[in-house]
Amino acid sequence: MSKDYKGMWSNLGLDLKAHDGLLAVLTDAYKNIYLSQKNRPEGMKYFDFVISEVHGMRIEEIATANEKGRKVVGTFCLYVPEELILAADGICIGLCAGADVGTDEAEKYVPRNTCALIKAFMGFKLAGLCPYVQITDLIVGETTCDGKKKAYEIFDEITGGKVYVMELPNKKGPEGRALWRNEVRRFAKKLEDLTGKKIDLQKLRGASKVVNEKRKALQRLSFLRSFNPSPVSGLDSLLINQVSFYDDPVRFTAKVNELCDELDGRLKSGSMVTEKESPRILISGSPMAIPNWKLHAIIEGSGAVVVGEESCVGERNFATLLDEDFSSIEDGMEKIADRYMTINCACFTPNDERLTDIQHMAKRLRADGLIHYAIQFCTPYMVEAFKVKKVADAAKIPFLRIETDYSMEDMGQLKTRIEAFLEMIGKGVRV
Ligand code: BJ8
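All residue numbers in the sequence shown are consecutive under numbering that gives the first Met the number 0, ending with 430.
If you want it as structure tokens, here you go:
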């Protein structure tokens with residue numbers, strides 16, 4: 000880190016000793032997994048820097064803005080409209096956590112067989128390790144899966160009443176959409192009350208542009224991953240997608256575009272990070288919150304390349320742009336509500352659009368294999384894997400189903416299974 004932030008962390012109520020331990024482990028993991036990659040694009044240096052300052056400079060930047068009156072809004076789900084938070088002059092931060100931290104503490108509140116993502120966001124808070132949760136003025140939950148829905152009730156208690164919950168329908172029919180439009184309006188009002196600032200047409204247009212530009216930059220990166228060989232690794236692409244949830248959106252967009260310019264150059268010069276023969280893997284399923292790099296590290300460490308993530312930390316986050324052509328606040332709110340209903344999460348039923356998305360991605364990214372990734376106890380994705388396998392079978396794409404948590408205990412077993420899967424792809428054998 001560029002300086003000593005202990006004073007800031009102490010003011011935020013972090014457990015300094017445990018926090019030092021966490022940073023040491025993360026620094027080591029990052030060196031081993033990321034900095035050991037060969038021929039990385041120069042543009043990744045910015046993202047390395049962001050990671051090195053993830054609890055430092057970015058928190059300081061947010062704290063400074065917060066002191067000047069900007070409210071900080073934490074979210075856990077793609078359905079929470081970022082445009083509205085920005086239009087109300089808020090700062091939007093993703094709070095999902097991807098490390099096995101504070102699990103014992105979390106298990107005092109939620110059952111052991113709760114998914115690792117929920118246990119981690121509770122664990123980080125309970126162990127005094129997350130400066131982002133500490134700095135939020137509002138935490139937005141949502142009625143998606145049962146685990147999250149119920150955990151938010153407890154999280155509200157342990158954060159002293161910071162949690163506000165958006166109600167999501169289970170189905171995308173006319174009644175569900177009407178409920179959702181109403182929820183979007185209710186959320187806008189909540190934000191106006193929080194920030195004391197009115198969302199007007201000009202601000203809504205400005206915020207919509209900022210978020211759309213971020214999506215376009217991520218789409219550009221996704222397109223560049225469709226080339227074989229690939230100019231960028233899946234690990235680096237995953238990292239960029241993870242950083243998109245907490246970096247300043249305008250700066251982030253500029254940096255992703257700079258990186259993509261460099262990757263365009265690499266395509267011309269032929270300086271790639273993979274071999275033409277490297278098996279190309281599409282991952283589909285539960286989100287991989289930072290610093291969950293486990294599956295990508297195993298796949299790419301075994302000689303394959305991850306070419307895309309049909310995931311909320313991935314394609315679901317940026318695949319659809321908002322129609323920015325609105326002439327009134329009411330029209331804008333409807334367009335925002337409609338845009339977010341294009342996200343295809345397994346919490347919805349039916350969710351056939353996700354299957355179509357996977358088909359299209361596999362084709363566009365020229366995937367040789369599909370790995371379905373579910374966080375253990377993530378029932379929506381674990382169950383939906385059945386239908387995803389059918390899609391893979393119909394498209395004659397080798398399919399592997401993985402369920403795992405954030406611990407490193409099953410690394411050896413996963414490596415063996417993935418290597419066997421890649422070997423079969425190499426030999427053209429169906430699994
Ligand atoms: S839109 S995927 S971000 S709900 S992993 S907590 S689903 S048991 S995170 Fe999600 Fe929104 Fe859907 Fe995306 Fe539950 Fe599964 Fe845990 Fe999950």
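Idealized CB from N, CA, C, for every residue including glycine.
Residue i classed as buried or exposed, judged by whether at least 16 other C-beta atoms fall within 10 angstroms
{"i": "G233", "result": "buried"}
{"i": "G12", "result": "exposed"}
{"i": "P130", "result": "buried"}
{"i": "G264", "result": "exposed"}
{"i": "K5", "result": "exposed"}
{"i": "T403", "result": "buried"}
{"i": "R224", "result": "buried"}
{"i": "S9", "result": "exposed"}
{"i": "R429", "result": "Only weak support is given to the placement of R429: the predicted model assigns it a pLDDT of 43, under 50, and the value that follows is read from those uncertain coordinates. Answer is exposed; the Cβ neighbour count stays below 16."}
{"i": "P40", "result": "buried"}
{"i": "G42", "result": "buried"}
{"i": "R250", "result": "exposed"}
{"i": "H295", "result": "buried"}
{"i": "S268", "result": "exposed"}
{"i": "E166", "result": "exposed"}
{"i": "M287", "result": "buried"}
Proximity of residue i and residue j at Cβ, strictly below 9 Å
{"i": "P80", "j": "V183", "result": "yes"}
{"i": "C259", "j": "R315", "result": "no"}
{"i": "T143", "j": "Y78", "result": "yes"}
{"i": "E333", "j": "A206", "result": "no"}
{"i": "A86", "j": "A187", "result": "yes"}
{"i": "L433", "j": "G307", "result": "Lying outside 0 to 430, the shown extent of the chain, residue 433 is not represented and no answer is given."}
{"i": "V272", "j": "K44", "result": "no"}
{"i": "I90", "j": "V72", "result": "yes"}
Secondary structure of residue i, DSSP reduced to three states
{"i": "S35", "result": "coil"}
{"i": "G73", "result": "strand"}
{"i": "R184", "result": "helix"}
{"i": "I18", "result": "Before going on, a small fix: residue 18 reads as His here, not Ile. If DSSP states are grouped into helix, strand and coil, H18 belongs with the helices."}
{"i": "V53", "result": "coil"}
{"i": "A336", "result": "helix"}
{"i": "Q412", "result": "helix"}
{"i": "I84", "result": "helix"}
{"i": "L11", "result": "coil"}
{"i": "L321", "result": "coil"}
{"i": "R224", "result": "coil"}
{"i": "G97", "result": "coil"}
{"i": "T252", "result": "helix"}
{"i": "T403", "result": "strand"}
{"i": "E432", "result": "Absent from the model: residue 432. The displayed extent of the chain is 0 to 430, so no value can be given."}
{"i": "I328", "result": "helix"}
{"i": "F398", "result": "strand"}
{"i": "I239", "result": "helix"}
{"i": "I92", "result": "strand"}
Any non-hydrogen atom of the ligand NAD within 8 Å of residue i CB
{"i": "D192", "result": "What this structure holds is the ligand BJ8, not the ligand NAD."}
Distance cut 7 Å, beta-carbon to the ligand BJ8 heavy atom: residue list by chain order: F75, C76, L77, Y78, C95, C114, L116, I117, E141, T143, C144, G146, K147, S285, P286, C311, R315, I342, C344, A345, C346, I374, F376, C377, T378, P379, Y380
Sequence ranges, alpha helix (DSSP H) only - wholly within the region 101 to 167, length at least 4: 102 to 105, 115 to 125, 130 to 134, 145 to 157
Alpha helix (DSSP H) runs contained entirely in the region 345 to 396, provided each spans 4 or more residues: 351 to 363, 378 to 393
Beta strand (DSSP E) runs contained entirely in the region 254 to 306, provided each spans 3 or more residues: 279 to 284
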